[in-house]
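*Asks:* Numbering (the working numbering), first residue to last: 5 to 93.
Backbone N, C-alpha and C define an ideal beta-carbon position, used for all residues, glycine too.
Computed from a prediction, not measured in an experiment: that's the story for all the values here.
Quick one: the structure is below, questions incoming.
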């Protein structure tokens, strides 16, 4: 639908322009940049699905670059269980 097309436009447009070239290992900075770029309390301008999708892709890229499974990258060396998201998906 239109929501998906709008999310794709946001990812390929504004979000890419804002974070393209940043280091994937700097997840907090990337996430904060996207939130500030959106500028709304509920991420309605760019879309929460677009922001969440990019954030997850960045985390996966950083984990891959580090040679770690995503759960280990996110949870640290003592992670023994897969993380459970505390958000709506």
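Taking the alpha carbon of residue 10 as the reference point, which residue from 33, 71, 49, 41 has its own alpha carbon closest?
*Replies:* Position 6 of the chain shown, counting from 1, holds the residue named residue 10. Taking only the C-alpha atoms, the option nearest residue 10 is 49.
*Asks:* Considering only the beta carbon of each residue, do residue 66 and residue 41 sit closer than 7 Å?
*Replies:* Counting from one through the chain shown, the residue named residue 66 turns up at place 62. Counting from one through the chain shown, the residue named residue 41 turns up at place 37. The criterion of a C-beta distance shorter than 7 Å is not satisfied by residue 66 and residue 41.
*Asks:* Runs of 3 residues minimum, wholly inside the stretch 10-42: which ones carry the beta strand (DSSP E) assignment?
*Replies:* Counting whole runs of 3 or more residues, the stretch 10-42 contains no beta strand (DSSP E) stretch at all.
*Asks:* Using only alpha-carbon positions, find the residue among 70, 7, 28, 88 that is nearest to residue 59.
*Replies:* Against the chain shown, residue 59 aligns to sequence position 55. Minimum Cα distance to residue 59 is reached at 28.
*Asks:* Could you work out which residue in 16, 90, 89 is closest to residue 51 when comparing CA atoms only?
*Replies:* As a working note, residue 51 is residue 47 in the chain shown. Minimum Cα distance to residue 51 is reached at 16.
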